[in-house]
Structure formats: structure tokens, C-alpha cells
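What follows is one structure encoded as C-alpha cells, with my remarks underneath.
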Amino acid sequence: MTSPLLPTYARIDLAFERGEGAWLEASGGQRFLDFGGGIAVASLGYAHPHLLQALVEQGQKIWHTSNLFRIPEGERLAQRLVDASFADVVFFTNSGAEALECAIKMARKYQAANGHPDRFRMITFEGAFHGRTLATIAAGGNKKYLDGFGPPVDGFDQVPLNDLEAVKAALRPETGAILIEPIQGEGGIKVCEPSFLRALRELCDERGMLLVFDEVQSGVGRTGKLFAYELYGVKPDIMSIAKGIGGGFPLGACLATTEAAKGMTLGTHGTTFGGNPLAMAIGNAVLDVVLAPGFIDNVGRIGLLLKQKLAALQDQHPGVVAEVRGEGLMLGVRLNEKVANSDFAARAREAGLLVIPALDNVVRLLPPLVIGEPEATEAVARLDKACVASEAALAAQKKVEA
Numbered sequence: 000m001t002s003p004l005l006p007t008y009a010r011i012d013l014a015f016e017r018g019e020g021a022w023l024e025a026s027g028g029q030r031f032l033d034f035g036g037g038i039a040v041a042s043l044g045y046a047h048p049h050l051l052q053a054l055v056e057q058g059q060k061i062w063h064t065s066n067l068f069r070i071p072e073g074e075r076l077a078q079r080l081v082d083a084s085f086a087d088v089v090f091f092t093n094s095g096a097e098a099l100e101c102a103i104k105m106a107r108k109y110q111a112a113n114g115h116p117d118r119f120r121m122i123t124f125e126g127a128f129h130g131r132t133l134a135t136i137a138a139g140g141n142k143k144y145l146d147g148f149g150p151p152v153d154g155f156d157q158v159p160l161n162d163l164e165a166v167k168a169a170l171r172p173e174t175g176a177i178l179i180e181p182i183q184g185e186g187g188i189k190v191c192e193p194s195f196l197r198a199l200r201e202l203c204d205e206r207g208m209l210l211v212f213d214e215v216q217s218g219v220g221r222t223g224k225l226f227a228y229e230l231y232g233v234k235p236d237i238m239s240i241a242k243g244i245g246g247g248f249p250l251g252a253c254l255a256t257t258e259a260a261k262g263m264t265l266g267t268h269g270t271t272f273g274g275n276p277l278a279m280a281i282g283n284a285v286l287d288v289v290l291a292p293g294f295i296d297n298v299g300r301i302g303l304l305l306k307q308k309l310a311a312l313q314d315q316h317p318g319v320v321a322e323v324r325g326e327g328l329m330l331g332v333r334l335n336e337k338v339a340n341s342d343f344a345a346r347a348r349e350a351g352l353l354v355i356p357a358l359d360n361v362v363r364l365l366p367p368l369v370i371g372e373p374e375a376t377e378a379v380a381r382l383d384k385a386c387v388a389s390e391a392a393l394a395a396q397k398k399v400e401a
């Protein structure tokens, strides 16, 4: 049967009817342990009672009002994010791409407000993913996403990750900001070197540039810190978040210092749905859980345990697992070049585990932050089955080639 959906996704023939915790049940009754989390979205898993309560209570009051009026739930969520971060102000969006659009506009407007409208260019990094809008695909620079959409939006200069000399060489008089993911998600869970991020901060301070972090995937407790920048002791001027802050509800935000946001005055930006009461109720409910004493510490503990178990898996299957990367519950398994990550993900599904492929032949493990030791242990046991199946496939291929 031909689907009425636009064919922009190669969808796997699985449909899920319900979920609980880190488990999903398909329409045929098969249960899967979800270590993809809707690509780092299901921060509190499925059917979390506190999220359900917030959804029902707010849904019985009011879903949406225009940003022409005050939205107290949004003011509260913004204040909580400010109190827990470097930021002074927050703009709410519906998605990560919109949060990045706001960040890009804000960085350009800052320079214009300082009398330098020509300083609109941003340095970005190879392997980055910042969204699917025209500006964010230009920032990401992936040719596959740019092809066929006309001339890329001007203003982005890409350099290799963790290469400070390349950054310095790319600087122009028009450069006004640097945009970076502290940990690249779609790029294959590539972690920035702490010294590199510190050097970028110093470079921005020296040259009057803004440092912009994309924490859409790494934020809201994912790395064992509320935000990944805390791992490095490097504060950005602007930061975009999404995914985990809504726990599955469409929600994003752009956070900034007062100075960085100085150009975003009345009428310079807007949104119809962003920050509406229903989204704000869910965002506050997510923070209720994530900011509770011990929650983020537990994410770090379980993440370390999982990483150790994955290292043991690598020792057991060196022909399949080449490297383990990441922080907290944002982990990546880079596979041997003879094992395609898409094939490995399919074998993991056969074992009842969901993982997410990424660039650099990596599969990502982005489970709900509520998992414990039993789920971590079970996930590695199922990954072991995928490794065994991969080894069998490699042996069969070698036999055919012989």
C-alpha cells in the first residue's frame, strides 16, 4: 500500500502501541528495550506518572494562548532554566532546529547591535548537525542535506573538530560567532577536547565573538550533568536545547546571557506555538524529575556502568566493536568497518533492542535517563547477541570470498 506520508524517511516496518519506562511494545506484541529514546527525546521514558499528571492537569485548564499575553508557566520554566545555567533569558520554541535558528539570529543581531552588521559569519564544524531548516543545514554543511535546495545560506565556515589552528585560519573580519556541539550526536558521538573548548572560549573573548553551544541532544541531564558544558567548565554565551526538555512533547529553547541577547528587542523574533501553556507544563514536569536530588548523579553512575560493560563487550568482540565513546547516557559504539551500523542496528532489533545509527559507522545508545542497572545489563546482553550475529555474518562472507 502506498503511504500518504512524504517519503523522506526509510521507515522500519515497526509500529509501537504503548510504552512503559524504557520498554516499548509493538503492534504485534513484541517488546523492545529502547536505547534510542526517540533520538534522545524520551528523557523520562514512557508513561512516566509525573508527566502524565502534568499533561492531564494542564490539558483540563488551557492548551494554548498567544505570546501576546503573559504565560506564567513559561515564566516559571524560564526562571528555573536560568537558575540552573549560565543564562539570563530564555526564548521557547517547538524544536531544536527552531532553537538553533533563534541562536543564529541572536548571534548576528548582537554584532549588528554593537555596530558591526558585517560580522554575521559563524565558524561551524565538520560532522555537525544543527537541524533541517535552510540556515541549519548550511551550518551543518552536510552535502547530502544541502543538495537540491539552491545556494546554501551564506555565513557559515566549516572546519575540522578539535583543530584550533584550523579555526584560527578560518577567522575573517566578518566572523562574529562560533557554533559547536560539545558532543556531536548525529556526527557519531564525537566528544570535544576540553582544551579545545577552553581555547574557543578564550578566542571568542579576545575577538568580541560569541560562543554558541548546540545542546539539543546533550542537554537536560543526558551526559550526567544538566548541560554538557558543565563537564568542561566552559560557559557559552548562547545555548540551544530541545529533545529531553519536553520528554517527548515538542519543546525547545534558546538560552542566553543578557549581553548576548541585547539585539533581540521588541518584534525581532517570534513564534506562534512556542512556549504555550501545555508545553510549559510538560517542561516544568520534566525539570521536577531531572532536578530532583540524586537524579543526575544517578545518570552519571549508570552511564559509567554502561560504558564499562560496553568496554568489556569490545574486548569480547574486537572484530565487531572498534571503540566506545561518549559521556553519561550519550554513548556511541563505533563498529569495525566491515560491519555496517545499519546492519548492526537491525541485528540489535532482532534481539529486541533499539539503537540509533550515526555517522562514522557508529550506533548511538540514548536510553531514557530513568534506566537502572537491570536495563543497562539487559541492553549489553542484547548487544552481545547482535555482535555474535555480526561475527557469523562476517564468517559467512569470508567463506564466500574464499
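So the sequence shown is numbered by numbering that gives the first Met the number 0: it starts at 0 and just counts up by one. We treat Cβ as the ideally placed atom computed from N, Cα and C, and that holds for glycine.
For residue i, the three-state DSSP class (helix, strand or coil)
i           : result
residue 281 : helix
residue 40  : coil
residue 147 : coil
residue 270 : coil
residue 228 : helix
residue 105 : helix
residue 189 : strand
residue 382 : helix
residue 177 : strand
residue 124 : strand
residue 110 : helix
residue 155 : strand
residue 313 : helix
residue 295 : helix
residue 358 : coil
residue 13  : coil
residue 59  : coil
residue 258 : coil
residue 221 : coil
residue 70  : coil
residue 301 : helix
residue 202 : helix
residue 75  : helix
Strand pairing of residue i, partner residues [DSSP]
i           : result
residue 352 : 32
residue 135 : The partner list for residue 135 (beta bridge, DSSP) is empty, contrary to what the question assumes.
residue 22  : 19, 32
residue 251 : 92
residue 213 : 239
residue 320 : 334
residue 325 : 330
residue 246 : 248
residue 182 : 190
residue 363 : 331, 355
residue 45  : 20
Residue i burial status per 10 Å Cβ neighbour count (16 or more: buried)
i           : result
residue 317 : exposed
residue 204 : exposed
residue 69  : exposed
residue 46  : exposed
residue 212 : buried
residue 157 : buried
residue 65  : exposed
residue 107 : buried
residue 123 : buried
residue 97  : buried
residue 67  : exposed
residue 346 : buried
residue 217 : buried
Supposed close pair residue i, residue j - CB separation, criterion 8 Å
i           : j           : result
residue 94  : residue 302 : So it is not a contact: roughly 26 Å between Cβ atoms.
residue 255 : residue 86  : 6 Å
residue 41  : residue 32  : Not confirmed; about 12 Å, so no contact.
residue 176 : residue 209 : 4 Å
residue 173 : residue 119 : 6 Å
Same chain only: Cβ atoms within 7 Å of residue i, ignoring 5 sequence neighbours per side
i           : result
residue 233 : 196, 197, 200
residue 327 : 221, 222, 223, 298, 299, 302
residue 340 : 334, 356, 360, 361, 362
residue 75  : 283
residue 10  : none
residue 261 : 109, 112
residue 397 : none
residue 73  : 91, 274, 279
residue 267 : 108
residue 337 : 393
Chain-order list of residues whose beta-carbon lies under 8 Å from that of residue i (same chain, five-residue window excluded)
i           : result
residue 376 : 308
residue 231 : 181, 191, 193, 196, 197
residue 58  : 277
residue 81  : 87, 88, 89, 254
residue 342 : 389, 392
residue 137 : 145, 151, 152, 153, 154, 155
residue 30  : 22, 23, 24, 351
Cβ neighbours of residue i in the same chain (closer than 6 Å, five flanking residues each side left out)
i           : result
residue 63  : 275
residue 139 : 127, 128, 129
residue 19  : 45, 46
Near the ligand MG: residue i beta-carbon under 7 Å from a heavy atom
i           : result
residue 215 : What this structure holds is no ligand at all, so the ligand MG is not there to describe.
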